[in-house]
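Asker:
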Amino acid sequence: MTTPLFVSADWLQEHYNDETLQVLDARMLPSGMDAVRNIQAEYLAGHLPQAPFFNIEALSDHTSPYPHMLPRAESFAVAMRELGVNSDKHLIVYDEGNLFSAPRAWWMLRAFGVAQVSILAGGLQGWKAAGFALAEGEVSLPEGEFEAEFDDGLVKRLTDVLLISHEGGAQIVDARAANRFNAEVDEPRPGLHRGHIPNSLNLPWNLLVETGTTEAGVRTARPVCPGGRGPDATGCRHLWLRRYGGRVDSGADVAGRS
């Protein structure tokens, strides 16, 4: 059976006690919001029952000079075992409901070899709206059994992207807002240049979330190289282009920075 990209709150509630399922809370704040909100405290105040916190920030490679880069497979596997996550289960990931970070969690788990991963449609907001129960506090689970093997075929290196940009062969899709793509505003993170990769197309991830349209001239019959500078960008682009039947070649970087 093909693993669904999304599961509904009703479906998850019905199957919540299935031993083959496991739920992960993957909510994350946009860059700069940590000064006004504490996402860890918000998680502790209310999350789906028995859902450990899949902290994308903590799970990133902190030896890299760039934010939110993927860790080594060994480090990721250790972290997942400590959370009590099992790689042979059907993992359901969710965020606040805006598809900001759940696609990134989905992408990370798929990149490290988890075969069955789905996103909870509507996320935490949809779950609460349906009247289903939440739990509070930390989640303590037995040590998980998690094997991670990174699929390096899902990564495009800088030299690959440069070649695609100049010679074609694939489409580079930029998931950022139009004003960032068009260099009209500064990037949220200091030190990043304005603008976009030459010959890339702009398809803001929030446009897809809100309307489900593909109005940027992306041809889904051609390979697509997703790009962006945020944790949501690559995963969300990959997710939606798969939804529309596109041939996703890989991210400019699986960690979401191009």
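Numbering (UniProt numbering), first residue to last: 1 to 258.
No residue lacks a Cβ here, since even glycine has one placed at the ideal position from N, Cα and C.
Near H193, which residues of its chain fall below 8 angstroms by C-beta distance, leaving aside the five closest residues on each side in sequence?
Answerer: Walking along the sequence shown from the start, residue 193 turns up at place 193. For H193, where only same-chain residues beyond five positions count, the Cβ hits under 8 angstroms are E187.
Asker: Would you report the Cα separation of A41 and P30, rounded to the nearest angstrom?
Answerer: Here residue 41 corresponds to residue number 41 of the sequence shown, with the count starting at 1. Here residue 30 corresponds to residue number 30 of the sequence shown, with the count starting at 1. About 16 angstroms.
Asker: Take L48 and list the residues in its own chain whose beta-carbon comes closer than 6 angstroms to its own, dropping the five residues that flank it on each side.
Answerer: Taking the sequence shown and counting its residues from 1, the one referred to as residue 48 is at position 48. Excluding residues within five positions, the ones whose Cβ falls inside 6 angstroms are V23.
Asker: Quick check on L201: does DSSP put it in helix, strand or coil?
Answerer: Here residue 201 refers to the residue found at position 201 of the sequence shown. Correct three-state label for L201: strand.
Asker: Entirely within the stretch 155-187 and at least 4 residues each: give me those alpha helix (DSSP H) ranges in chain order.
Answerer: Listed in chain order, they are 158-167, 178-181.
Asker: Figure out for me which residue from L203, I119, P4 has the closest Cα to the Cα of S101.
Answerer: The count along the sequence shown starts at 1 and reaches residue 101 at position 101. Looking at the Cα atoms, I119 is the closest of the given residues.
Asker: Taking only the alpha-carbon atoms, compute the straight-line gap between Y16 and E149 and give it to the nearest angstrom.
Answerer: For the purposes of this step, residue 16 is identified with residue 16 of the sequence shown, where counting begins at 1. For the purposes of this step, residue 149 is identified with residue 149 of the sequence shown, where counting begins at 1. Using only the alpha carbons, I get a separation of about 28 angstroms.
Asker: Would you grab the beta carbon distance between G113 and S75 for me? Rounded to a whole angstrom, and I think it's under 8 angstroms.
Answerer: Taking the sequence shown and counting its residues from 1, one reaches residue 113 at position 113. Taking the sequence shown and counting its residues from 1, one reaches residue 75 at position 75. Contact doesn't hold; Cβ gap of about 14 angstroms is too wide.
Asker: Using the C-alpha atoms, what's the distance from L5 back to A216?
Answerer: Counting from 1 along the sequence shown, the entry for residue 216 is found at position 216. Counting from 1 along the sequence shown, the entry for residue 5 is found at position 5. Because A216 carries a pLDDT of 47, less than 50, the predicted location of this residue cannot be relied on, and no value is offered for it.
Asker: Who are the near neighbours of R37 in its chain, counting only those whose CB is closer than 8 angstroms to its CB and skipping five residues on each side?
Answerer: Position 37 of the sequence shown holds residue 37. L29.
Asker: Excluding sequence positions up to five away, which residues of its chain have a Cβ less than 6 angstroms from the Cβ of G212?
Answerer: Position 212 of the sequence shown, counting from 1, holds the residue named residue 212. Note that G212 has pLDDT 43, beneath the 50 cutoff, so the model's placement of it is unreliable and the number below is only indicative. Result list for G212: empty, nothing under 6 angstroms.
Asker: I want to know whether the stretch 120-130 touches the stretch 94-110 - three or more CB-CB distances under 8 angstroms.
Answerer: Judged by Cβ distances under 8 angstroms, the stretch 120-130 makes contact with the stretch 94-110, as three or more pairs qualify.
Asker: If distances are taken between C-alpha atoms only, which option among L134, V139, L207, R189 comes closest to A65?
Answerer: Locating residue 65 in the sequence shown gives position 65, counting from the first residue. The question names Ala, but residue 65 in the sequence shown is Pro. Measuring from the Cα of P65, the nearest candidate turns out to be R189.
Asker: For S140, list the residues DSSP reports as bridge partners.
Answerer: Position 140 of the sequence shown holds residue 140. Per DSSP, none; premise fails for S140.
Asker: Would the beta-carbon of L141 fall within 9 angstroms of that of A111?
Answerer: What you label residue 141 is simply residue 141 of the sequence shown in a count that begins at 1. What you label residue 111 is simply residue 111 of the sequence shown in a count that begins at 1. For L141 and A111, no; Cβs fall outside 9 angstroms.
Asker: Could you check whether G137 and L83 sit closer than 9 angstroms to each other, using their CB atoms as the reference points?
Answerer: One-based indexing of the sequence shown puts residue 83 at position 83. One-based indexing of the sequence shown puts residue 137 at position 137. Taking 9 angstroms as the Cβ cut-off, L83 and G137 do not qualify as a contacting pair.
Asker: What does the alpha-carbon distance come out to for the pair A35 and E57?
Answerer: Taking the sequence shown and counting its residues from 1, the one referred to as residue 35 is at position 35. Taking the sequence shown and counting its residues from 1, the one referred to as residue 57 is at position 57. One C-alpha to the other measures close to 15 angstroms.
Asker: So within the UniProt domain "Rhodanese" (17-136), which uninterrupted alpha helix (DSSP H) runs reach at least 4 residues, ignoring any that extend past its ends?
Answerer: Listed in chain order, the complete alpha helix (DSSP H) runs (minimum 4 residues) inside the UniProt domain "Rhodanese" (17-136) are 39-45, 56-59, 73-83, 102-111, 123-129.
Asker: Pull up the DSSP beta-bridge partners for F6, would you.
Answerer: One-based indexing of the sequence shown puts residue 6 at position 6. DSSP, once it has assigned bridges, lists I119 as partnering F6.
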